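In the numbering used here, the protein residues as written are 72 to 431.
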């Protein structure tokens, strides 16, 4: 049996492969010490730290909406509602500015805008332009908070409270785009940040989900003020933060803690787009309704798939490559059969890795 510091790469919907890989890792008798991840990896790391077993993570991938056979994950691409926009956002929006420049009579401007708000696609476009993303991310946040509650945790607990309750050492990565910087959120760096919102920041794929803004109540990051800074997906700057576990220097120790470097091995779970998922055909999953959203999600797939290349070349033996080729980062509407192929590919990849490393 081995003890590992586990690193989970970001990859949105492709993160379902982690569930299969972890099932095999646990069945072989291996356990974890520190946990760190970006985006989908942040979700997995935090749920493990909250007390979820590999079996429970597998169950989560098969959850359906009450009274339906529709996977819960299909709700994560949630179009904003008409009342999601404040009066100030509407009044100061570029849409209203354009209506005024078109010399639409004042009495008709509000009526036209209210009519447009009845259309899902308009609300998505409005949200994209004014809030930084087509989708709200509220459905994901509600789901994640419910997962914390199911383990007896306050859904609004902070990192300091999370550690006090669970004893787990979990870190998640996000990107500050106001003052370009990768942030690693945990009990040491941002003790007052709510865990659920930290994970929501980490998975906020640019232009897909709304940006997150640092609140005064969240305190500081490593003693520095971040109030009103804008945050998006950690994958923008580090989609696979393996170096934070594999390497050590004073700054990394300050962020990740002064743990015994020989006290645990390092294992990175990489979502490898270059390896096809056995048995998976071309995706029939519905693409986003807006052509712009479709282009953006394809761009994000390319961007996140090419980041962190140097660190992966540096530590090849520390990485288990999970096949995700042909799957999209925002493919949350995939069928259960297609998801099962992804999960099984994760199982097989971990089985092969443990055998190769003499750990099976």
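C-beta atoms are modelled at their ideal positions from N, C-alpha and C, and glycine is treated no differently. Fair warning: this is a prediction, and the values are worked out from it, not measured in the lab.
Quiz prompt | Residue interval of the alpha helix (DSSP H) (run including residue 398) | solution = Element bounds for residue 398: n/a, residue is neither H nor E.
Quiz item: What span of residues does the beta strand (DSSP E) with residue 253 cover, start to end?
Solution: The continuous beta strand (DSSP E) containing residue 253 extends over residues 252-256.
Quiz item: What are the partner residues of residue 284, as DSSP defines its beta bridges?
Solution: DSSP, once it has assigned bridges, lists 301 as partnering residue 284.
Quiz item: residue 313: which of 381, 293, 280 sits nearest, CA to CA?
Solution: Comparing Cα-Cα distances from residue 313 to each of 381, 293, 280, the minimum goes to 381.
Quiz item: Among the residues of its own chain, which have a CB less than 6 Å from the CB of residue 74, if the five just before and after it don't count?
Solution: Taken in chain order, the residues that qualify are 102, 104, 335.
Quiz item: Which value, in whole angstroms, describes the spacing of the CA atoms of residue 93 and residue 174?
Solution: Approximately 60 Å between the Cα atoms of the pair.
Exercise. Have a look at 238, 293, 263, 233 and flag the residue whose alpha-carbon is nearest the alpha-carbon of residue 252.
Key: Out of 238, 293, 263, 233, 293 has the C-alpha closest to the C-alpha of residue 252.
Quiz item: Measuring CB to CB, does residue 240 end up less than 8 Å from residue 106?
Solution: Yes, the pair counts as a contact, with Cβ atoms nearer than the cut-off.
Exercise. Could you say which of 420, 423, 427, 405 lies nearest to residue 132 if we only look at CA atoms?
Key: Looking at the Cα atoms, 405 is the closest of the given residues.
Quiz item: Just reading off the alpha helix (DSSP H) that residue 407 is part of, what are its end residues?
Solution: Where residue 407 is concerned, the enclosing alpha helix (DSSP H) starts and stops at 407-427.
Quiz item: Do you know offhand how far residue 134's Cα is from residue 143's?
Solution: Between residue 134 and residue 143, the C-alpha separation is close to 6 Å.
Quiz item: What is the DSSP secondary structure of residue 154, counted as helix, strand or coil?
Solution: If DSSP states are grouped into helix, strand and coil, residue 154 belongs with the helices.
Quiz prompt | Status (buried if at least 16 other CB within 10 Å, exposed otherwise) for residue 229 | solution = Using a 10 angstroms sphere on the CB of residue 229, the tally of other CB atoms reaches 16 or more, which defines it as buried.
Practice problem: Measure from the alpha carbon of residue 233 to the alpha carbon of each residue in 350, 395, 117, then state which is nearest. | Solution: Closest option to residue 233, Cα to Cα, is 117.
Quiz item: Can you give the Cα-Cα distance for residue 214 and residue 176, rounded to whole angstroms?
Solution: The alpha-carbon atoms of residue 214 and residue 176 are separated by roughly 43 Å.
Exercise. Tell me whether residue 324 is buried or exposed, calling it buried when 16 or more other Cβ atoms sit within 10 Å of its Cβ.
Key: Result: exposed.
Practice problem: Please classify residue 246: does DSSP put it in a helix, a strand, or coil? | Solution: Reduced to three states, the DSSP call for residue 246 is strand.
Exercise. Compare the C-alpha of residue 387 against each of 409, 317, 138, 426 and name the closest.
Key: Closest option to residue 387, Cα to Cα, is 317.
Quiz prompt | Unbroken beta strand (DSSP E) run spanning residue 78, endpoints | solution = 74-79 is the span of the beta strand (DSSP E), which, as asked, contains residue 78.
Quiz item: What's the call for residue 379, buried or exposed, on a 16-neighbour Cβ count within 10 Å?
Solution: Classification of residue 379: buried, given that the 10 Å Cβ count is 16 or more.
Self-check item: DSSP three-state assignment for residue 229, whether helix, strand or coil
Solution: Strand at residue 229.
Exercise. With a threshold of 16 other CB atoms inside 10 Å of the CB of residue 350, please say whether the residue is buried or exposed.
Key: Burial call: exposed.
Practice problem: Note the first and the last residue of the continuous alpha helix (DSSP H) segment covering residue 117. | Solution: Where residue 117 is concerned, the enclosing alpha helix (DSSP H) stretches over 111-120.
Self-check item: At least 3 beta-carbon pairs within less than 8 Å: the segment 147-164 vs the segment 329-346
Solution: Segments in contact, no.
Practice problem: In the DSSP assignment, find the unbroken beta strand (DSSP E) run with residue 215 in it and report its ends. | Solution: It is not in any beta strand (DSSP E) - residue 215 instead sits in the alpha helix (DSSP H) that spans 209-221.
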